[in-house]
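Undergrad: Just passing along the structure, written as structure tokens.
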Amino acid sequence: TVMGSTFGPPGIPAQDAQATQFPQPQPPTNMQLYKSYCEVNGIEPSPWAANQNGSRLTMHIPVATTEERCFDSFYHHFHASHPFVLPPLFFSHISKEAPLKPVIAAMRWIGSIFLDVGSPTRERLFNEASSLICAPNRSKDGFLIQAMMLLIVGLDGSCQQDRARGILSEVETLALELGLNSREFAANHGRGIPVLEESWRRTWWDLFVIDGMVAGVHRATNFLLFDVPARAALPCEEDQYMTGRIPIPLYLDDLEDQDFSGEDREFSSFAYRVLCARNLGKLMRVPPIFGPEDENLGKIETLLTNWRLHLPQSKRDALQKNGQLDEMMFQAHMMNQATSIMLHQPHSQLDSSPTQDINSCAPHQAIPAGDLFNSHTRHTIESANSISTMITHRVSLLSHTHFFTCVITLSSIVHLSRWALFFIPHDDDDLRQQIRLNIGALNR
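Start counting the sequence shown at 1; every next residue gets the next number (full-length UniProt numbering).
Following this line, the structure appears as structure tokens:
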């Protein structure tokens with residue numbers, strides 16, 4: 001039986017292993033190394049080599065090409081921050097299909113941003129992705145949408161915001177033409193594969209979040225997708241997606257009505273991220289707020305506060321119990337604090353004139369300075385402090401979405417404006433350290 005079998009290490013007969021309690025392992029043969037390499041990298045071993053029965057062959061493990069390194073870099077550095085492309089294990093099963101060529105090209109370009117491959121190589125990879133996306137014979141499908149989304153995030157993070165907005169407009173039109181926002185799209189195009197269906201749901205909702213964050217931090221678009229009926233199911237947890245253990249999905253109505261349904265349901269971090277993007281959209285849709293006592297201002301603050309108050313205990317921090325970063329909750333908290341600054345700063349006593357030349361993310365908005373501290377000033381300062389605190393998580397800053405850079409800029413504007421408030425007591429050194437923290441993050 002299996003339970004009764006005696007297993008020795010490679011190269012030791014079973015009876016020898018049985019006689020020796022702690023046998024010394026033998027050096028692996030070249031063939032064992034070769035088969036192990038092939039298994040890890042999803043390569044089919046050569047039939048000739050596989051029949052050599054462990055004989056010691058002179059062999060050379062191939063060196064990864066630049067394209068392969070960039071592809072791996074995409075998953076290592078970027079995928080977790082915008083996780084809609086299939087996980088690597090599942091992506092490899094369909095990667096040879098023609099419709100995936102634009103996605104693969106875009107993934108390589110994104111991956112190259114995190115590697116020292118040189119500008120000519122990076123530009124070549126971008127041109128390859130761009131030409132495939134714009135090719136007349138391209139397949140207009142969900143994979144094309146994914147490729148375009150990758151270009152949007154990469155271009156926006158490279159300070160090419162006009163080009164990113166142009167592609168964003170195109171991909172929104174295509175997504176709505178295909179019905180990516182519908183409940184049926186995932187099932188109709190998922191080939192009966194749960195993880196592929198989940199990938200389509202994530203594609204819609206990540207596009208929704210990207211549209212919201214671009215509109216929120218740059219103030220040059222109007223969050224078009226906020227007004228579109230969204231029937232697609234919500235994404236599951238990240239570990240479920242990466243391992244292909246996809247649960248029965250929940251919907252936006254379930255999330256927004258959870259406190260009144262009487263049912264105890266668990267929602268993913270991605271779902272709470274979607275809810276934050278919706279709160280940002282609601283802020284962008286309120287009529288002009290006239291003064292700090294406007295009831296619309298109070299309604300949005302209620303949304304932001306309720307989001308925080310009703311988070312499960314496990315979602316109140318962006319770090320999980322095992323110390324790993326929960327990037328989806330990190331972005332959710334980031335958006336919540338940024339939305340709070342956008343809501344309250346125009347009605348605070350923070351004089352923004354010292355920061356009017358800071359326009360890398362959000363354009364300067366003139367804010368009249370007052371003489372008395374008010375609650376909007378407090379909300380703004382507390383949100384800016386919370387954003388600075390997020391920088392201190394002991395994880396690589398490169399693991400976050402590039403939109404975090406824009407949110408740090410918002411926080412920095414508040415810190416610099418706070419220095420001009422003579423009537424608010426503050427520790428000069430503490431404020432200086434907050435600003436240094438933000439500058440350090442922006443320089444990474």
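Think of the CB as a built atom: it goes at the ideal place given N, C-alpha and C, for glycine as much as any other residue.
Return the Cβ separation of residue 234 and residue 185 in integer angstroms, given the expectation that the two are a contact with Cβ distance under 8 Å.
TA: So it is not a contact: roughly 14 Å between Cβ atoms.
Undergrad: Could you pull the DSSP bridge partners for residue 319 from this structure?
TA: Per DSSP, 325.
Undergrad: Which of the three DSSP states, helix, strand or coil, is assigned to residue 291?
TA: Correct three-state label for residue 291: coil.
Undergrad: Given 8 Å as the limit, is there contact between the stretch 69-82 and the stretch 392-406, that is, 3 or more CB pairs closer than that?
TA: Taking 8 Å as the limit for Cβ pairs, the verdict is that the stretch 392-406 does touch the stretch 69-82.
Undergrad: Beta carbon of residue 138, beta carbon of residue 132: below 9 Å?
TA: A contact, by the Cβ cut-off of 9 Å.
Undergrad: Taking 8 Å as the cut-off, does the stretch 191-200 touch the stretch 315-327 (at least 3 CB pairs, one atom from each stretch)?
TA: Judged by Cβ distances under 8 Å, the stretch 315-327 makes no contact with the stretch 191-200, as fewer than three pairs qualify.
Undergrad: Here's the rule I'm using: 16 or more other beta-carbon atoms within 10 Å means buried, otherwise exposed. How should residue 83 be labelled?
TA: Residue 83 should be labelled buried.
Undergrad: Would you report the Cα separation of residue 232 and residue 224, rounded to the nearest angstrom?
TA: When rounded, the distance between both Cα atoms is 17 Å.
Undergrad: Indicate whether the contact test is met: 3 or more Cβ pairs, each with one atom in the stretch 150-157 and one in the stretch 165-179, closer than 8 Å.
TA: The stretch 150-157 is in contact with the stretch 165-179.
Undergrad: Excluding the five sequence neighbours on either side, which residues of its own chain have a C-beta within less than 7 Å of the C-beta of residue 441, listed in chain order?
TA: Excluding positions up to five away in sequence, the list reads 391, 397, 408.
Undergrad: Evaluate contact between the stretch 303-314 and the stretch 205-224, counting only Cβ atoms and requiring at least three cross-stretch pairs below 8 Å.
TA: In short, these stretches do not touch, since the Cβ pair count stays below three.
Undergrad: Ordered along the chain, which non-local residues of its own chain (more than five positions away) have a Cβ less than 6 Å from that of residue 271?
TA: Cβ within range, chain order: 234, 255.
Undergrad: Are the Cβ atoms of residue 347 and residue 288 separated by less than 9 Å?
TA: Contact flag unset, no.
Undergrad: So what does DSSP say about residue 314, is it helix, strand or coil?
TA: Three-state DSSP puts residue 314 in a helix.
Undergrad: For the stretch 226-262, list the alpha helix (DSSP H) runs that are entirely contained and at least 4 residues long, ordered along the chain.
TA: Counting only runs of 4 or more, we get 238-243, 252-256, 258-261.
Undergrad: Here's the rule: buried if 16 or more other CB atoms are within 10 angstroms of the residue's CB, otherwise exposed. What is residue 253?
TA: By the neighbour-count rule (16 or more Cβ atoms within 10 Å), residue 253 is not buried but exposed.
Undergrad: Roughly how many angstroms separate the alpha carbons of residue 350 and residue 338, rounded to a whole number?
TA: The alpha-carbon atoms of residue 350 and residue 338 are separated by roughly 16 Å.
Undergrad: Taking the alpha helix (DSSP H) that residue 172 falls in, what are its first and last residues?
TA: Residue 172 -> alpha helix (DSSP H) spans 161-178.
Undergrad: Compute the beta-carbon to beta-carbon distance between residue 71 and residue 103, rounded to the nearest angstrom, for a pair I have assumed lies under 8 Å.
TA: Not a contact, Cβ separation roughly 11 Å.
Undergrad: Starting from the Cα of residue 312, find the closest Cα among 258, 279, 377, 281 and give me that residue.
TA: Ranking 258, 279, 377, 281 by Cα distance to residue 312 puts 258 first.
Undergrad: For residue 393, which of helix, strand or coil comes out of DSSP?
TA: In the structure shown, residue 393 sits in coil (DSSP, three-state: anything other than H, G, I, E or B).
Undergrad: Any idea what DSSP makes of residue 67, helix, strand or coil?
TA: In the structure shown, residue 67 sits in a helix (DSSP, three-state: H, G or I).
Undergrad: May I have the straight-line CA-CA distance separating residue 218 from residue 281, to the nearest angstrom?
TA: Rounded to whole angstroms, residue 218 to residue 281 spans 14 Å at the Cα level.
Undergrad: First and last residue of the alpha helix (DSSP H) that includes residue 101?
TA: Taken as a continuous stretch (DSSP letters only), the alpha helix (DSSP H) holding residue 101 covers 101-113.
Undergrad: Can at least three beta-carbon pairs, one atom from the stretch 111-126 and one from the stretch 82-101, be found at a separation below 8 Å?
TA: Contact between the stretch 111-126 and the stretch 82-101 is absent, because fewer than three Cβ pairs lie under 8 Å.
Undergrad: Determine the burial state of residue 120: buried for a count of at least 16 other Cβ atoms within 10 Å of its Cβ, exposed for fewer.
TA: By the neighbour-count rule (16 or more Cβ atoms within 10 Å), residue 120 is not buried but exposed.
Undergrad: What is the rounded straight-line gap between the Cα of residue 439 and the Cα of residue 190?
TA: Spanning the two alpha carbons is a distance of roughly 44 Å.
Undergrad: Would you tell me roughly how many angstroms separate the C-alpha atoms of residue 405 and residue 330, rounded to the nearest one?
TA: Residue 405 and residue 330: Cα-Cα distance of roughly 13 Å.
Undergrad: Here's a check: name, in chain order, each residue in its chain whose Cβ is nearer than 6 Å to the Cβ of residue 376, leaving out the five neighbours to either side.
TA: Closer than 6 Å at Cβ, skipping near neighbours: 292, 344, 347, 348.
Undergrad: Determine, using beta carbons only, whether residue 334 and residue 387 come nearer to each other than 9 Å.
TA: In contact: residue 334 and residue 387 (Cβ atoms closer than 9 Å).
Undergrad: Where does residue 79 fall in DSSP's three states?
TA: Note: residue 79 maps to helix in three-state DSSP.
Undergrad: Distance check for residue 250 and residue 300, CA to CA, integer angstroms please.
TA: Whole-angstrom Cα-Cα distance: 25 Å.
Undergrad: Given this structure, state the Cα-to-Cα distance separating residue 286 from residue 415, to the nearest angstrom.
TA: Cα to Cα, residue 286 sits roughly 27 Å from residue 415.
Undergrad: Could you pull the start and end residues of the alpha helix (DSSP H) that residue 135 belongs to?
TA: Segment: none, residue 135 is in no alpha helix (DSSP H) and carries neither H nor E.
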